[in-house]
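As structure tokens, the structure follows; a few thoughts come after it.
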Amino acid sequence: MRTKLLVFPFLLLLTAMIMSGCGKDKEAQKTPANQQQSAGNSAEQSTLPAEPAPEPPKQTMSWDSPPDMEIDTNKSYTAEFSTTKGNFTIELFAKDAPKTVNNFVFLSRQGFYNDVTFHRIIETFMIQTGDPEGTGAGGPGYRFEDEKTNYEYEPGIVAMANAGPDTNGSQFFICTGEDSLSLNLKPNYTIFGKVVDGMDVVQNIAATPVEPGGPLGELSSPTETVQIKEIKITEQ
């Protein structure tokens, strides 16, 4: 199931798909096993360069249930994102959304988010990531319930994407524009952090060119790959 954000009708065309939603091949020349190669009368023997071995596919991490509580809600937590477009830092709201922050910290420390793309981008609204498949349908193998906080959606706020009530997994989004304010009319997405440094990098990611994508052809599919390299969690 795609994980997307649900919004109101007047923003349907903008947000309908946010609920947690190369070149020519060359044929290698081979010598039959029963045929010997010969250099003829030449002093030099010409050989074809070996085809590079394809990289093994990245193995997606998966668990049967949400992680046990590992964070200390009396401490403060930040997440430093290293991406292909620069670095930014998020303050995590451990006291207000302990289960969600614990989940995010666990996945980050496991390296779950390494090399994951920002698969959905709407500059005036948000950037969405956290799906190892890059399709809007992936996750960690489990779901957990929503947590209500007193924060409001605005640029810089970080919240979970979902496919309905209590369907949180690994996907999340960062608000980047004024259209995110409309989510305050019906706050269905658990807020668990806010960008405290590097918002210019977040806005740069939001400015990535996009094209129509997904089943509804929403203008939100990036035309270039933007990835999370690593997320470093700091506890104080």
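Mapped onto mature numbering (1 follows the signal peptide of the UniProt record, and there is no 0), the consecutive letters of the sequence shown carry residue numbers -20 to -1, 1 to 216. Just so you know, even glycine gets a beta-carbon here, dropped at the ideal spot from N, CA and C.
Drop a sphere of 10 angstroms on the beta-carbon of ALA13, count the other beta-carbons inside from all chains shown, and report buried for 16 or more, exposed for fewer.
The residue you call residue 13 lines up with position 33 of the sequence shown. Note that ALA13 has pLDDT 38, beneath the 50 cutoff, so the model's placement of it is unreliable and no number is given.
Beta-bridge partners of ASP177, as assigned by DSSP
Along the sequence shown, read from residue 1 onward, the residue named residue 177 stands at position 197. DSSP output for ASP177 lists THR69 as bridge partner(s).
Check the DSSP bridge columns for ALA139 and list the partner residues they point to.
Counted from its first residue, the sequence shown places residue 139 at position 159. ALA139 pairs with PHE153, ILE171.
Can you name the start and end residues of the beta strand (DSSP E) that LYS212 belongs to?
For this step, residue 212 is matched to residue 232 along the sequence shown. From DSSP, the beta strand (DSSP E) with LYS212 extends over 208 to 215.
Name the one or two DSSP bridge partners that GLN108 has.
Numbered from 1 along the sequence shown, position 128 holds the residue referred to as residue 108. DSSP, once it has assigned bridges, lists ARG100, PHE153 as partnering GLN108.
Close beta carbons around THR205, own chain, < 8 Å, minus the five adjacent residues each side
In the sequence shown, residue 205 corresponds to position 225, counting from 1. So the qualifying residues of the chain are THR64, THR97.
Residue of PRO112, GLN216, THR188 minimising C-alpha distance to residue 228
Past the boundaries of the shown model lies residue 228; the chain is included only from -20 to 216, so the question cannot be answered.
Just to confirm my understanding: we take GLY66, look at its own chain, exclude 5 residues before and 5 after, and list those with CB closer than 7 Å. What are they?
As a position in the sequence shown, residue 66 is number 86, starting the count at 1. Excluding residues within five positions, the ones whose Cβ falls inside 7 Å are GLY178, VAL181, ASN184.
Taking 7 Å as the limit between beta carbons, can you name the residues of its chain near LEU87, skipping five residues before and five after?
Residue 87 sits at position 107 when you count from the first residue of the sequence shown. Close CB contacts of LEU87 within its chain, under the 7 Å cut and outside five residues either way in sequence, are with TYR93, PRO120, SER150 (chain order).
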